[in-house]
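> Have a look at this one before I ask anything.
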Amino acid sequence: MQEGRAMSSGADAEVIRAFQDSARDLLRQESPLSRLRALRGTLPGFERATWSKLAQAGWPGLLVAERHGGLGLGLREFAAIACEIGRHPLPEPVIAVGVQAVAALNALPPGGRRDALLADIAAGRRVVGLAWQESARQLEYEPPAAALTARPDGDVLNGRKQWVYPAGADGWLVVCRRGQEPALCWLAADTPGLEVGMHERVDGTPAATLSFHDVALDGDALLAHGAAVEAAVAAANGQTRVAQAAELLGIALQAHDLTLDYLKTRVQFNRPIGANQALQHRMVDAHLQVRLAQAVLQDAAGAAEVAGADFQAWAARLKSRCAHAALHMTREAIQMHGAIGYTDECDVGLYLKRALHLCSWLGGVQENRALALRYWRHDGAGDAGAPDLPPEPPESDAGIDWNAIPEEAFRARVRSFIRQYYPEHLRHPPQRLHWNDMRPWYLALARKGWLAPAWPREHGGMALGPERIIAMVEEMEAHGVARMPDQGIINIGPILIRYGTEAQRRKYLPRIIAGDHIWCQGYSEPNAGSDLASLRTEAVPDGDDFVVTGQKIWTTLAQDATHIFMLVRTDKTAKKQAGISFLLADIKTPGITVRPIRNIGGEEEFCEVFFDAVRVPKENLVGELNQGWTIAKALLEFERIFVGSPAQARYALNQLRRVGEAAGLFASERFQAMYAASLLDVADLQSLYAEYADMVKRGEKLPPSVSLLKVWATEVYSRIAMQVVEAAAEHGGDAGSHVAGDTRITPAGRLYNSAITTIYGGTNEIQRNILAKHVLGLPA
1 MQEGRAMSSG
11 ADAEVIRAFQ
21 DSARDLLRQE
31 SPLSRLRALR
41 GTLPGFERAT
51 WSKLAQAGWP
61 GLLVAERHGG
71 LGLGLREFAA
81 IACEIGRHPL
91 PEPVIAVGVQ
101 AVAALNALPP
111 GGRRDALLAD
121 IAAGRRVVGL
131 AWQESARQLE
141 YEPPAAALTA
151 RPDGDVLNGR
161 KQWVYPAGAD
171 GWLVVCRRGQ
181 EPALCWLAAD
191 TPGLEVGMHE
201 RVDGTPAATL
211 SFHDVALDGD
221 ALLAHGAAVE
231 AAVAAANGQT
241 RVAQAAELLG
251 IALQAHDLTL
261 DYLKTRVQFN
271 RPIGANQALQ
281 HRMVDAHLQV
291 RLAQAVLQDA
301 AGAAEVAGAD
311 FQAWAARLKS
321 RCAHAALHMT
331 REAIQMHGAI
341 GYTDECDVGL
351 YLKRALHLCS
361 WLGGVQENRA
371 LALRYWRHDG
381 AGDAGAPDLP
391 PEPPESDAGI
401 DWNAIPEEAF
411 RARVRSFIRQ
421 YYPEHLRHPP
431 QRLHWNDMRP
441 WYLALARKGW
451 LAPAWPREHG
461 GMALGPERII
471 AMVEEMEAHG
481 VARMPDQGII
491 NIGPILIRYG
501 TEAQRRKYLP
511 RIIAGDHIWC
521 QGYSEPNAGS
531 DLASLRTEAV
541 PDGDDFVVTG
551 QKIWTTLAQD
561 ATHIFMLVRT
571 DKTAKKQAGI
581 SFLLADIKTP
591 GITVRPIRNI
601 GGEEEFCEVF
611 FDAVRVPKEN
621 LVGELNQGWT
631 IAKALLEFER
641 IFVGSPAQAR
651 YALNQLRRVG
661 EAAGLFASER
671 FQAMYAASLL
681 DVADLQSLYA
691 EYADMVKRGE
701 KLPPSVSLLK
711 VWATEVYSRI
721 AMQVVEAAAE
731 HGGDAGSHVA
741 GDTRITPAGR
751 LYNSAITTIY
761 GGTNEIQRNI
771 LAKHVLGLPA
């Protein structure tokens with residue numbers, strides 16, 4: 001049994017903030033950057049007096065059980081401290097001792113010297129490291145060459161360990177072998193026959209090489225042998241990756257804030273350099289990487305325990321994302337600071353160097369991507385589920401709280417329902433399907449009560465939390481379920497729930513659920529796409545009606561719709577946004593003409609909709625007159641969170657995996673690296689999406705930063721779609737589909753579909769402008 005708590009997923013936010021605040025105050029007081037500069041290249045590279053103060057604050061013993069004098073807390077709390085260390089770099093080896101060494105000891109059977117070492121670490125009496133690595137590129141436990149040999153007077157150790165931290169320890173836990181099984185022993189730094197060589201890391205931290213020459217062990221130096229040793233190394237390195245990731249995130253955050261302040265205050269050509277759009281977009285992209293790293297750190301899924309494939313995959317994924325964020329942000333910081341950023345007097349260089357050190361200790365971006373893929377593939381990731389599932393009843397289970405049942409049970413029921421009721425011939429379609437194709441599936445979901453997973457129960461929804469919504473999406477994507485005509489579900493339904501009258505909700509919501517009303521969206525016009533406030537379609541009051549005249553364009557599947565919700569101008573004298581209203585109309589109303597537009601793939605996915613003196617009842621006005629812009633922005637938020645969902649990217653990723661498996665591409669390291677990067681990009685999108693989906697569920701207003709979702713989701717989707725084309729080789733240029741495993745795939749069709757996602761809902765360039773202004777506060 002491993003001691004201490006793991007991720008403390010239920011840790012109170014106030015407690016975490018208290019740890020952060022306390023750590024920030026201590027670091028500012030005890031370790032300014034001038035001290036870091038002074039200690040670079042020295043031995044042992046840190047100060048014992050400061051270490052004692054850190055021990056008094058409980059840092060080395062945070063993961064040590066209370067019975068050994070520690071705080072008995074978890075990685076969440078340690079990550080809060082490590083993030084502040086990233087912001088305020090500390091030369092003392094808190095992670096090497098307080099996580100790597102402690103985690104290894106926690107994983108061992110209790111008793112004897114093991115307990116004494118934990119007590120000494122917690123009290124600050126000993127600085128202890130873990131010596132496990134023998135060669136470059138070693139990320140996981142491998143049978144060591146360093147070996148114990150039995151002699152009449154006791155075991156002796158011979159061999160060597162490299163990249164050992166901390167170099168100036170009082171002793172090390174040494175991984176070796178005893179016969180054919182692994183062993184772990186304790187060696188004090190002054191043990192005869194132990195030679196300690198040191199070399200400087202790029203940030204000034206010393207690393208040790210330990211050479212053992214007939215080193216005799218004392219009676220209780222052997223701490224463990226057998227499988228427990230391998231488990232201890234895995235636990236130590238997995239937990240260390242989490243702590244390193246938190247420090248890397250702190251580095252990224254500090255470099256981000258320093259650079260953002262510089263962009264706002266540095267003046268060239270009589271204006272702040274942050275007013276330059278090219279720099280704004282680069283800063284937005286760097287900010288996005290930092291936010292992704294934050295989302296993954298806060299996502300404790302799979303990290304409830306400090307052992308097993310789920311935790312190791314999550315730790316590697318987290319280290320990879322935070323390493324990428326820190327390296328990207330610090331390098332951008334140097335570029336945006338200009339020549340001063342290249343000097344040692346500028347602080348951003350210190351953060352880049354520290355990031356380089358952490359990224360080459362237990363692997364950086366690429367190595368941890370590969371490690372995460374190895375654990376996920378070994379753990380059966382991507383499997384569509386067991387083939388023998390009990391039949392799922394077609395009728396509604398209104399009394400079930402789907403958020404309360406175990407996730408695997410929920411997934412199993414979703415898989416069973418999909419296999420029973422989703423038409424086999426519609427799996428993995430290369431283009432958007434029409435209402436006639438999807439009607440049976442739509443109605444099956446409606447009968448089951450699963451059509452509107454995010455809607456409240458009182459309106460016919462499932463009231464699912466973000467995790468369950470994502471689970472449902474994953475199961476549907478794995479099976480190849482096509483997207484339905486869903487504007488009623490994802491857009492107008494939530495708008496009516498929030499802004500509609502009770503009469504409008506009674507009239508429209510049940511008919512959406514029943515499949516009687518199929519909606520389309522009338523927003524864009526020929527001269528009002530991204531500049532939506534320039535729309536000209538006019539609604540003039542006339543008695544009990546509005547008379548609508550104008551044109552909408554790029555209206556998805558309007559030829560299948562029964563109703564349209566639209567923005568119309570109701571006051572031409574007001575400012576552009578102030579004179580707009582939100583109106584509902586039956587598409588069969590006289591004067592409405594729908595004309596399909598053929599897209600690049602030859603499909604009639606979009607339409608023009610013309611309004612020629614169309615009479616629409618005033619009762620169809622949603623919200624107040626001339627207040628439609630408020631509703632429009634809310635709907636765009638819903639649209640951006642929908643477009644920002646992992647659904648489309650996961651769909652493309654599933655196709656990439658199937659193409660790769662069918663063609664034997666996973667034997668190629670290049671393909672594995674590409675797939676691992678895309679796999680983690682989608683997983684990290686999922687973590688970020690869950691934050692915003694949870695806001696929607698709580699009824700909170702979505703902030704402007706939701707545009708981050710739209711940018712990342714669509715660009716990841718587009719990139720993976722292109723990877724599918726490349727992986728399909730000759731089939732990538734075929735107009736028709738081909739079969740990869742049990743999946744029919746049309747690579748070009750998927751690529752066509754991905755191209756439009758970066759345009760609709762406001763182009764990604766517009767989203768970056770929004771983020772630069774409203775999230776980062778950069779000058780116009």
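Quick note: the sequence shown, position 464, residue 464 per full-length UniProt numbering, numbers continuous. Don't be surprised by glycine CBs; every beta carbon is placed ideally from N, CA and C. Predicted model, so just to flag it, every value in this text is computed and none were measured.
(1) With a threshold of 16 other CB atoms inside 10 Å of the CB of residue 33, please say whether the residue is buried or exposed.
(2) Is the number of C-beta pairs between the stretch 98–106 and the stretch 115–132 that are closer than 8 Å three or more?
(3) Terminal residues of the continuous beta strand (DSSP E) containing residue 154?
(4) Rounded to whole angstroms, what's the CA-CA distance from residue 251 to residue 355? Just pull it up for me.
(5) Taking Cβ to Cβ, would you say residue 27 is nearer than 9 Å to residue 71?
(6) In whole angstroms, give me the CA-to-CA distance for residue 245 and residue 323.
(7) Is it buried or exposed, residue 428, if we count other Cβ atoms within 10 angstroms and call 16 or more buried?
(8) Look up residue 520 in the DSSP assignment and give the residues it is bridged to.
(9) If contact is defined by three or more beta carbon pairs under 8 Å, each pair taking one atom from either stretch, is the stretch 700–708 in contact with the stretch 630–647?
(10) Identify the continuous beta strand (DSSP E) that holds residue 744 and give its terminal residues.
(11) Closest to residue 43 by CA distance: which of 338, 92, 60, 77 is it?
(12) In whole angstroms, give me the CA-to-CA distance for residue 580 and residue 536.
(13) Threshold first: 4 residues or longer. Then list the alpha helix (DSSP H) segments lying entirely within the stretch 251–299, N to C.
(14) Taking the alpha helix (DSSP H) that residue 714 falls in, what are its first and last residues?
(15) Pull up the distance between the alpha-carbon of residue 387 and that of residue 417, whole angstroms please.
(16) Residue 452 to residue 464, Cα distance in whole Å?
(17) Once you ignore the five residues that flank residue 433 on each side, which residues in its own chain have a CB closer than 6 Å to its CB?
(18) Counting only the same chain and skipping the five closest in sequence on each side, list residues whose C-beta sits under 6 Å from that of residue 381.
(19) Can you have a look at residue 256 and say buried or exposed, based on whether 16 or more other CB atoms are within 10 angstroms of its CB?
(20) Where does residue 581 fall in DSSP's three states?
(21) At the level of alpha carbons, what is the spacing between residue 599 and residue 420?
(22) Report yes or no: do three or more beta-carbon pairs, one from the stretch 560–571 and one from the stretch 580–590, lie closer than 8 Å?
(23) Entirely within the stretch 40–110 and at least 4 residues each: give me those alpha helix (DSSP H) ranges in chain order.
(24) So residue 197 is in the alpha helix (DSSP H); what residue range does that whole segment cover?
(25) Can you tell me which of the three DSSP states residue 332 falls into?
(26) Give the DSSP-derived three-state secondary structure of residue 607 in the structure shown.
(27) Taking buried to mean at least 16 other C-beta atoms within 10 Å of its own C-beta, is residue 651 buried or exposed?
(28) Got a sec, what are the start and stop residues for the beta strand (DSSP E) residue 542 sits in?
(29) Checking 9 Å against the spacing of the C-beta atoms, do residue 160 and residue 146 come in under that value?
(30) Can you tell me whether residue 353 is buried or exposed? The criterion is at least 16 other CB atoms within 10 Å of its CB, across all chains shown.
(31) Using the DSSP secondary-structure output, state which residues sit across from residue 614 in a beta bridge.
(32) Smallest Cα separation from residue 367: which of 317, 345, 415?
(33) Could you give the first and the last residue of the continuous beta strand (DSSP E) run that contains residue 151?
With the given structure in hand:
(1) exposed
(2) By the Cβ criterion, the stretch 98–106 is in contact with the stretch 115–132, since at least three pairs of Cβ atoms, one from each stretch, lie closer than 8 Å.
(3) Start and end: 154–164.
(4) 7 Å
(5) no
(6) 7 Å
(7) buried
(8) 564
(9) With the cut-off at 8 Å, the stretch 630–647 and the stretch 700–708 touch.
(10) 743–745
(11) 92
(12) A straight-line Cα-Cα distance of about 10 Å links residue 580 and residue 536.
(13) Entirely contained in the stretch 251–299, the alpha helix (DSSP H) runs reaching 4 residues are, in chain order, 277–298.
(14) 707–727
(15) Confidence at residue 387 is low in this model, with a pLDDT of 49, below 50, so the placement of that residue should be treated as unreliable; the coordinate-derived value is given next. Distance between the alpha carbons of residue 387 and residue 417 is about 13 Å.
(16) 9 Å
(17) Excluding sequence neighbours, residue 433 sits near 482.
(18) The predicted model places residue 381 with a pLDDT of 38, which falls under 50 and marks its position as unreliable; any figure quoted below should be read in that light. Excluding sequence neighbours, residue 381 sits near nothing in its chain.
(19) buried
(20) strand
(21) Distance between the alpha carbons of residue 599 and residue 420 is about 33 Å.
(22) Because the criterion of three Cβ pairs below 8 Å is met, the stretch 560–571 and the stretch 580–590 touch.
(23) 48–56, 75–87, 102–106
(24) Element bounds for residue 197: not the alpha helix (DSSP H) but the beta strand (DSSP E), 194–200.
(25) helix
(26) strand
(27) Taking all protein chains in view, the Cβ of residue 651 is crowded by 16 or more other Cβ atoms within 10 Å, so the residue is classified as buried.
(28) 538–542
(29) yes
(30) buried
(31) 548
(32) 317
(33) 147–151
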